[in-house]
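Quick notes on the structure that follows.
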């Protein structure tokens with residue numbers, strides 16, 4: 003092995019990922035410790051420009067605890083000109099190796115603090131935190147990102163002052179994530195004036211919410227803040243001690259995400275001034291003591307406050323009663339990837355607004371509100387609209403779920419820039435599809451469609467997720483969709499694509515495919531050309547509309 007390595011002078015020019023594979027391969031060799039020692043040293047000698055040991059790569063660090071620290075030191079020494087990114091997730095380790103891995107991390111922090119630029123601890127056991135909390139981050143001159151997630155423990159006895167002490171004078175930090183309620187009163191001592199991204203989530207200690215005056219005064223000391231995420235008890239209950247007209251101007255804020263009670267979110271938004279280009283997502287936890295009248299009033303106040311922005315381009319509105327209802331288009335905003343659904347098919351328009359609710363007792367009211375809020379906002383610039391309501395099974399036949407075509411068009415007629423409608427599990431949204439063509443009343447009880455009255459003139463795509471269009475409780479069947487599309491083909495700008503994802507469609511929708519199961523469809527693959535042609539002939543559609551299917555069944 004040594005001879006092979008030394009005969010490859012270009013080995014050090016290989017990508018880091020390949021070097022990781024080589025290193026892991028060496029560690030997997032069932033050989034004597036001395037042989038392993040020599041091989042690792044040989045790799046480090048050749049790869050002088052190798053960027054440390056990529057300690058953020060789990061596939062490598064599952065093996066590292068087998069090594070003694072001096073081997074790690076040799077590897078680090080050979081990459082002394084490179085910054086080090088540390089990422090640790092105990093899930094990547096066997097239980098009896100976690101402590102050894104943590105000790106090696108502690109050794110890295112102690113001996114190479116001047117080179118560490120990123121320090122991420124995910125689901126760290128509370129009993130092991132003391133290994134790190136004794137090292138002040140001010141000792142890390144290159145550190146820009148500090149990310150801490152503490153594993154939940156029913157017997158957790160944890161004091162936040164250790165974290166406060168660790169953060170003191172970490173003036174160079176620009177990204178910070180903490181799972182505790184910090185002491186905003188002592189915030190001035192922390193001196194985090196250069197902080198750009200702040201994530202305060204998962205209050206694992208069960209601490210009381212912060213004092214209102216201290217909280218907002220602390221925000222004033224963060225003039226460079228661009229991303230603010232507050233979840234699970236990080237907002238103050240009240241704003242007592244603050245002048246009525248006092249406002250915190252977050253001039254550089256680009257992304258705001260909040261999960262809290264309705265009252266806390268209201269109080270927060272009353273006390274801050276946000277730029278017109280902010281992307282905002284709000285998840286309301288609505289208690290049983292809040293009725294639909296109070297919720298309607300609160301929503302009108304919140305949306306009315308931002309009416310002056312009037313530039314929302316992407317809106318998601320869902321009444322799902324769980325955190326997974328978070329808007330998918332903010333997956334890039336800094337939270338860990340497993341916290342967000344896949345967002346690759348979502349537009350990159352800006353700015354964006356997301357509203358989600360955890361209020362099962364008000365699901366009907368919220369479903370109706372999502373059709374009313376366009377009138378409360380300046381929606382003329384909205385290009386992408388996603389609607390995800392909640393449907394308890396026992397209410398699927400409820401008449402409250404059905405909106406007429408006229409109602410739908412009246413509600414969304416103020417959205418002339420709309421390019422994409424994405425609807426999920428909304429069986430009563432089919433009138434929206436039919437409202438692509440505006441009905442014009444000729445005489446009482448009669449309607450007629452004219453080409454001059456085409457609605458949503460900019461509409462390019464429909465995305466239908468988890469629809470059941472052949473179920474008995476659906477009032478409007480698939481012909482409504484194809485009728486609307488057929489008329490729309492005569493418009494100057496026809497709809498270019500219709501996407502069905504995880505839908506149940508009537509067997510006569512696409513006769514040539516009726517015998518196929520969902521396993522016969524490749525993800526996001528077009529129908530075969532002959533099938534498209536047959537379908538378009540059946541429904542008298544122009545071939546300019548392309549249909550996509552994923553995990554669909556025809557019955």
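Numbering (the working numbering), first residue to last: 3 to 557.
Ideal placement from N, C-alpha and C gives every residue a C-beta, glycine not left out.
Using the beta-carbon count (16 or more within 10 Å), is residue i buried or exposed?
i, result
"residue 363", "exposed"
"residue 289", "exposed"
"residue 590", "In this structure the chain extends from 3 to 557, so residue 590 is not present and cannot be described."
"residue 555", "buried"
"residue 283", "buried"
"residue 422", "buried"
"residue 113", "exposed"
"residue 521", "Any reading at residue 521 is ruled out, since the residue's pLDDT is 39, under 50, leaving its predicted position unreliable."
"residue 320", "buried"
"residue 285", "buried"
"residue 475", "For residue 475, the predicted model reports a pLDDT of 43, less than 50, meaning its position is unreliable; a value from the coordinates is still stated below. When all chains shown are included, residue 475 counts as exposed."
Taking the Cβ atom as the reference point for each residue, do residue i and residue j lie within a distance shorter than 7 Å?
i, j, result
"residue 250", "residue 232", "no"
"residue 317", "residue 384", "yes"
"residue 142", "residue 88", "no"
"residue 152", "residue 126", "yes"
"residue 178", "residue 148", "yes"
"residue 118", "residue 145", "yes"
"residue 388", "residue 419", "no"
"residue 237", "residue 266", "yes"
"residue 294", "residue 209", "no"
"residue 307", "residue 357", "no"
"residue 123", "residue 168", "no"
Relative to the C-alpha of residue i, which candidate in the options has its C-alpha closest?
i, options, result
"residue 505", "197, 460, 463 and 551", "551"
"residue 255", "284, 245 and 225", "225"
"residue 203", "260, 239 and 216", "260"
"residue 201", "295, 181 and 223", "181"
"residue 105", "116, 114, 130 and 124", "130"
"residue 172", "271, 219 and 193", "193"
"residue 298", "175, 183 and 371", "371"
"residue 115", "128, 85 and 90", "85"
"residue 150", "170, 90 and 174", "90"
Closer than 6 Å by C-beta to residue i: which residues in its own chain qualify, once you throw out the five before and the five after it? Chain order, please.
i, result
"residue 503", "467 and 552"
"residue 108", "133"
"residue 269", "241"
"residue 501", "465 and 550"
"residue 137", "111"
"residue 184", "none"
"residue 262", "237"
"residue 275", "249 and 251"
"residue 469", "505"
Using a Cβ-Cβ cutoff of less than 7 Å, which residues in the same chain neighbour residue i once the five nearest sequence positions on both sides are dropped?
i, result
"residue 292", "264"
"residue 300", "264 and 268"
"residue 253", "277"
Got a sec? Which residues, its chain only, sit under 8 Å from residue i by beta carbon, not counting five neighbours each side?
i, result
"residue 217", "186, 237 and 238"
"residue 460", "385, 418, 419, 420, 421 and 495"
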